[in-house]
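Visitor: Quick one: structure below, then a few questions.
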DNA sequence: CTAAAAAGATGAAATATTCCACCCTTTTGT
DNA sequence: ACAAAAGGGTGGAATATTTCATCTTTTTAG
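Protein chains in written order, with this note's numbering: chain A, 1 to 234; chain P, 1 to 234.
In C-alpha cells, the structure reads:
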C-alpha cells in the first residue's frame with residue numbers, strides 16, 4: 001500500500017459538498033464540531049479506502065475521483081458491485097450502526113476523500129432529525145442504482161449487460177460519450193458478471209460493427225441508438 | 001383483484017411488532033396518533049400490495065404472511081428480487097421521500113398488513129431522531145440480503161443459485177428444512193434468473209441424487225451439507 | 001361439472017458462455 | 001535496463017443454458 005498524503009488545512013472541506021449541505025441543517029457550533037473532526041486523505045488508483053470484513057469507524061465523503069465497490073468471495077472470484085464518481089457519500093450503510101463491511105471500496109482514479117468519525121456524526125444526527133432524513137435520502141439514492149444493476153444482471157444476456165455498463169459509465173461516471181476507461185477488461189468482466197474473454201469478443205465485435213471505437217483504455221460510443229437497442233433486447 | 005377485507009378493530013395493531021418497537025421511542029400522544037392513522041388489511045396469495053410505477057402514500061407493516069418483490073421489465077420478462085416473511089417493514093425505501101415504486105410487492109401467502117400514512121410517520125420522525133435511526137437500521141437490514149442475493153446471482157452458476165434459494169427459503173422464510181413452497185417453478189426461475197426448465201432439471205437431478213425430496217409444492221432438504229457445497233463451488 | 005388455462009415434467013437441438021492455449025504489448029519492481 | 005507480471009487480444013473446444021416440442025397433472029373460471 002502506497003503512502004497516503006494527509007492534508008492539514010481545511011481548504012477542501014470548505015468547498016466540500018457535504019459540509020455545504022450540512023450547513024443548511026446544522027448550527028455554527030455543530031458545523032464547527034464537524035470541521036474539527038474531519039480528516040482529509042488522497043488515494044491513488046488501486047488503494048483500498050474501506051476493506052471488506054473490517055469494522056469501519058468513519059464515513060467517507062468522495063469529493064473527487066472514481067471508486068469501485070467490490071466483493072471478494074475468498075477464492076479467486078471477485079465481483080464489482082458498482083462504480084461511482086464524486087461527489088458521493090461512501091459507507092452510508094454503515095452510517096448509523098457499526099458492523100463489518102460487506103464489500104471493499106477502492107480508488108480506481110486519484111481520489112480526494114474526507115473522513116468523518118461515525119460517533120461524532122451520530123451525535124449530530126441525534127440532535128437533528130431533519131438532517132438525518134436528508135442524509136438518509138442521499139444514502140438511499142445508491143439503492144436505486146443497485147437495483148437497476150441487479151435487474152440488468154438478472155435478466156439480460158452478456159451483450160445486454162456490457163451495453164448497460166458502457167451506457168452507465170458514459171451517463172453517470174464520465175458524463176461523455178468518449179472517455180478513458182479506468183477499468184481493466186478483467187474488471188469490466190467482474191462488473192458484468194461474465195468472463196474477460198466474453199467482454200473482449202463483445203467489444204471487438206462492436207468495434208467491427210462501428211457501434212463503438214475501442215482501443216486500449218480509450219473508448220468512444222459511436223452509435224448510442226444501437227447500444228440502447230442491444231441493452232433493450234439483451 | 002379480489003376484495004380486501006378491512007378490519008375495523010385494532011386487535012392486531014396492539015400486538016403489532018412495529019407499534020411495540022415504536023412504543024420504546026414515542027410518547028403516549030405520539031403512539032395514539034400512530035394508532036389512529038393505521039389501516040389494517042388482509043391480502044390473499046396473488047394480490048398486489050404495492051404496484052411498480054405507483055406513487056405510494058403509505059408504509060406497510062407485514063405482520064403475517066409471505067410476500068415477493070418483483071420487477072416487470074414491461075415485456076414478458078419478470079424478475080423476483082426478494083422473498084420475505086413477517087415480521088418486516090415494507091416500503092422502507094419510500095419511508096422518507098415520496099417517489100414511484102421501482103418494483104411491485106405482492107402476497108404469495110395470506111398476509112396481515114398494517115398501513116401507515118407516510119406523512120403522519122414523517123411528522124413523528126421529525127420529532128424524534130432516535131426513532132428515525134431505529135427505523136433506518138430496520139430498513140437497512142434488507143440491504144444486506146439484497147447484496148448477498150446479487151453476489152449469488154453474479155458469480156455463481158445456475159445450480160449454485162438454485163441451491164442458494166433453497167437454503168435461503170429454508171433458513172429465512174420457512175425456518176424448516178421441510179416446507180410447502182409458495183413459489184411456482186416459474187417463480188423460482190425468476191428468482192434464480194434462469195429458465196424454468198433449468199430449475200426443473202436441477203430439482204429433478206437433486207431428487208435422483210437424494211439431496212432433496214421434491215414432489216409438487218412439497219420440498220424437503222435431505223442433505224444440507226451437499227447443498228451448501230453446491231452453493232460454495234457454484 | 002367441465003373446458004380452458006396454468007403448472008409440472010422431460011429430452012433433444014440450438015445457442016450462449018466459459019475455459020484453455022497462445023501471442024503480443026504495457027507496466028512494474030529491482 | 002531487464003525480467004517478471006499484468007493486461008490486451010484472438011480462436012476453437014468444452015460446457016452451461018435456453019429454447020422448443022410434447023405430455024401429464026393441477027388449478028381456475030364460468
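Ideal Cβ placement from N, Cα and C applies to all residues, glycine included.
Return no unless some Cβ of chain A is closer than 8 Å to the Cβ of residue 228 (chain P).
Guide: For the purposes of this step, residue 228 (chain P) is taken as the residue at position 228 of the second chain. Output row for residue 228 (chain P): interface = no.
Visitor: Would you call residue 210 (chain A) buried or exposed, if buried means 16 or more other Cβ atoms sit within 10 Å of its Cβ?
Guide: Residue 210 (chain A) sits at position 210 when you count from the first residue of the first chain. The residue is exposed, with fewer than 16 neighbouring Cβ atoms inside 10 Å.
Visitor: Going straight from the alpha carbon of residue 163 (chain P) to that of residue 215 (chain A), what length do you get?
Guide: Within the second chain, residue 163 (chain P) is the residue found at index 163, counting from 1. Within the first chain, residue 215 (chain A) is the residue found at index 215, counting from 1. Going from the Cα of residue 163 (chain P) to the Cα of residue 215 (chain A) covers about 41 Å.
Visitor: Using the rule of at least 16 other Cβ atoms within 10 Å of the residue's Cβ for burial, across every protein chain shown, is residue 172 (chain P) buried or exposed?
Guide: Reading the second chain from its first residue, position 172 is the one you call residue 172 (chain P). Label assigned to residue 172 (chain P): exposed.
Visitor: For the pair the region 30-40 of chain A and the region 119-127 of chain A, tell me if three or more CB-CB distances fall below 8 Å.
Guide: Enough Cβ pairs lie closer than 8 Å, so yes.
Visitor: May I ask you to verify whether the region 18-30 of chain P touches the region 73-80 of chain P, counting CB pairs closer than 8 Å and requiring at least 3?
Guide: Short answer: they don't touch.
Visitor: Give the list of continuous alpha helix (DSSP H) stretches no shorter than 4 residues that lie fully inside the region 167-194 of chain A.
Guide: Taking only runs of at least 4 residues, the alpha helix (DSSP H) segments lying wholly in the region 167-194 of chain A are 185-192.
Visitor: Once the 5 residues before and after residue 56 (chain A) are set aside, which same chain residues still bring their CB inside 7 Å of it?
Guide: Taking the first chain and counting its residues from 1, the one referred to as residue 56 (chain A) is at position 56. Counting only Cβ-Cβ distances below 7 Å, and skipping sequence neighbours, we find 50, 91, 94, 101.
Visitor: Please determine, among A:144, A:234, A:220, A:190, the residue with the shortest C-alpha to C-alpha distance to residue 160 (chain A).
Guide: Indexing the first chain from 1 puts residue 160 (chain A) at position 160. Checked all of A:144, A:234, A:220, A:190; the closest Cα to residue 160 (chain A) is A:234.
Visitor: Which residues in chain P sit within 7 Å of residue 130 (chain A), going by Cβ to Cβ distance?
Guide: Taking the first chain and counting its residues from 1, one reaches residue 130 (chain A) at position 130. The answer, in chain order, is 126.
Visitor: Between the Cα of residue 144 (chain P) and the Cα atoms of P:191, P:82, P:67, P:66, which residue gives the shortest distance?
Guide: Within the second chain, the letter at position 144 stands for residue 144 (chain P). The candidate whose alpha carbon is nearest that of residue 144 (chain P) is P:82.
Visitor: Could you have a look at residue 127 (chain A) and say whether DSSP puts it in helix, strand or coil?
Guide: One-based indexing of the first chain puts residue 127 (chain A) at position 127. In the structure shown, residue 127 (chain A) sits in a helix (DSSP, three-state: H, G or I).
Visitor: Check distances from the C-beta atoms of the region 188-203 of chain P to those of chain A and list, in chain order, the residues that come in under 7 Å.
Guide: Per Cβ criterion, the list reads 193.
Visitor: Under a Cβ-count criterion, where at least 16 other Cβ atoms within 10 Å of its own Cβ denotes burial, should residue 132 (chain A) be classed as buried or exposed?
Guide: Locating residue 132 (chain A) in the first chain gives position 132, counting from the first residue. So residue 132 (chain A) ends up on the buried side.
Visitor: Is it true that the CB of residue 136 (chain P) sits closer than 8 Å to the CB of residue 71 (chain A)?
Guide: Position 71 of the first chain, counting from 1, holds the residue named residue 71 (chain A). Position 136 of the second chain, counting from 1, holds the residue named residue 136 (chain P). Taking 8 Å as the Cβ cut-off, residue 71 (chain A) and residue 136 (chain P) do not qualify as a contacting pair.
Visitor: Let me confirm a value: residue 169 (chain P) is counted as buried when at least 16 other C-beta atoms fall within 10 Å, else exposed. Which label applies?
Guide: Working through the second chain from its first residue, we reach residue 169 (chain P) at position 169. When all chains shown are included, residue 169 (chain P) counts as buried.
Visitor: For residue 46 (chain A), is the classification buried or exposed, using 16 other Cβ atoms within 10 angstroms of its Cβ as the cut-off for buried?
Guide: Here the question's residue 46 (chain A) lines up with position 46 in the first chain. Per the 10 Å Cβ criterion, exposed.
Visitor: For residue 236 (chain A), which residues in chain P fall below 7 Å Cβ to Cβ?
Guide: Chain A is shown only over 1 to 234; residue 236 (chain A) falls outside these bounds and no answer can be derived.
Visitor: In the DSSP assignment, the beta strand (DSSP E) including residue 213 (chain A) goes from what residue to what residue?
Guide: For this step, residue 213 (chain A) is matched to residue 213 along the first chain. Where residue 213 (chain A) is concerned, the enclosing beta strand (DSSP E) stretches over 212-215.
Visitor: Identify which residue in P:227, P:19, P:221, P:146 has its Cα closest to the Cα of residue 116 (chain P).
Guide: Taking the first residue of the second chain as 1, we reach residue 116 (chain P) at position 116. It is P:19 whose Cα lies nearest to the Cα of residue 116 (chain P).
Visitor: Between the Cα of residue 104 (chain P) and those of P:226, P:48, P:193, spot the shortest distance and give me the residue it belongs to.
Guide: To locate residue 104 (chain P), count along the second chain from 1; it is residue 104. Per the Cα distances, P:48.
Visitor: What does the Cβ neighbour count give for residue 6 (chain P), buried or exposed, with the cut at 16 atoms within 10 Å?
Guide: As a working mapping, residue 6 (chain P) is identified with position 6 in the second chain. In this prediction, residue 6 (chain P) has a pLDDT of 46, which is less than 50 and means its spatial position is unreliable; what the coordinates show is noted afterwards. Residue 6 (chain P) comes out exposed.
Visitor: So is residue 189 (chain A) buried or exposed if we call it buried at 16+ other beta carbons inside 10 Å?
Guide: For the purposes of this step, residue 189 (chain A) is taken as the residue at position 189 of the first chain. Buried: at least 16 other Cβ atoms inside 10 Å.
Visitor: Using a Cβ-Cβ cut-off of less than 7 Å, give me the residues of the region 46-68 of chain A that come near chain P, in sequence order.
Guide: Within the region 46-68 of chain A, no residue has a Cβ that lies closer than 7 Å to any Cβ of chain P.
Visitor: Going by DSSP, what residue range makes up the beta strand (DSSP E) through residue 60 (chain P)?
Guide: Numbered from its first residue, the second chain carries residue 60 (chain P) at position 60. Segment 58-64, the beta strand (DSSP E) holding residue 60 (chain P).
Visitor: Assign residue 187 (chain P) to one of two classes, buried (16 or more other C-beta atoms within 10 Å of its C-beta) or exposed (fewer than that).
Guide: If you number the second chain from 1, residue 187 (chain P) lands on position 187. Classification of residue 187 (chain P): buried, given that the 10 Å Cβ count is 16 or more.
Visitor: Determine the extent of the alpha helix (DSSP H) in which residue 55 (chain A) is found, giving its start and end residues.
Guide: The sequence position of residue 55 (chain A) within the first chain is 55, counting from 1. It is not in any alpha helix (DSSP H) - residue 55 (chain A) carries neither H nor E in the DSSP assignment.
Visitor: If you follow the beta strand (DSSP E) that residue 38 (chain P) is in, where does it begin and where does it stop?
Guide: Translated into the one-based positions of the second chain, residue 38 (chain P) becomes position 38. Residue 38 (chain P) -> beta strand (DSSP E) spans 38-43.
Visitor: With a threshold of 8 Å on Cβ separation, who are the neighbours of residue 3 (chain A) within its own chain once the five nearest residues in sequence on each side are excluded?
Guide: Indexing the first chain from 1 puts residue 3 (chain A) at position 3. Here the model assigns residue 3 (chain A) a pLDDT of 39, short of 50, so the residue's position is not dependable and the matter cannot be decided.
Visitor: When DSSP builds the beta bridges, which residues end up paired with residue 69 (chain P)?
Guide: By one-based count along the second chain, residue 69 (chain P) stands at place 69. In DSSP, residue 69 (chain P) forms a bridge with P:82, P:105.
Visitor: Let's see if you can read the secondary structure: which residues bound the beta strand (DSSP E) around residue 220 (chain A)?
Guide: To locate residue 220 (chain A), count along the first chain from 1; it is residue 220. Unbroken beta strand (DSSP E) run through residue 220 (chain A): 218-221.
Visitor: Can you pull the chain A neighbours of residue 73 (chain P), defined as C-beta to C-beta under 8 Å?
Guide: As a first step, residue 73 (chain P) must be located in the second chain, where it is residue number 73. Near residue 73 (chain P) (Cβ distances below 8 Å), the residues of chain A are 151, 155.
Visitor: Whose C-beta lies closer than 7 Å to the C-beta of residue 196 (chain A) among residues of the same chain, with five residues either side of it excluded?
Guide: Numbered from its first residue, the first chain carries residue 196 (chain A) at position 196. Closer than 7 Å at the Cβ level, and outside the excluded window around residue 196 (chain A), lie 185, 186, 189.
Visitor: Check whether chain P comes within 8 Å of residue 102 (chain A), counting only Cβ atoms and requiring the distance to be less than that.
Guide: As a first step, residue 102 (chain A) must be located in the first chain, where it is residue number 102. By this cut-off, residue 102 (chain A) is an interface position.
Visitor: From residue 179 (chain P) to residue 154 (chain P), what distance separates their C-alpha atoms?
Guide: Walking along the second chain from the start, residue 179 (chain P) turns up at place 179. Walking along the second chain from the start, residue 154 (chain P) turns up at place 154. If you take the alpha carbons of residue 179 (chain P) and residue 154 (chain P), they lie about 27 Å apart.
Visitor: What is the DSSP secondary structure of residue 115 (chain A), counted as helix, strand or coil?
Guide: On the first chain, residue 115 (chain A) is found 115 positions in, with the first residue counted as 1. DSSP places residue 115 (chain A) in strand when its eight states are reduced to three.
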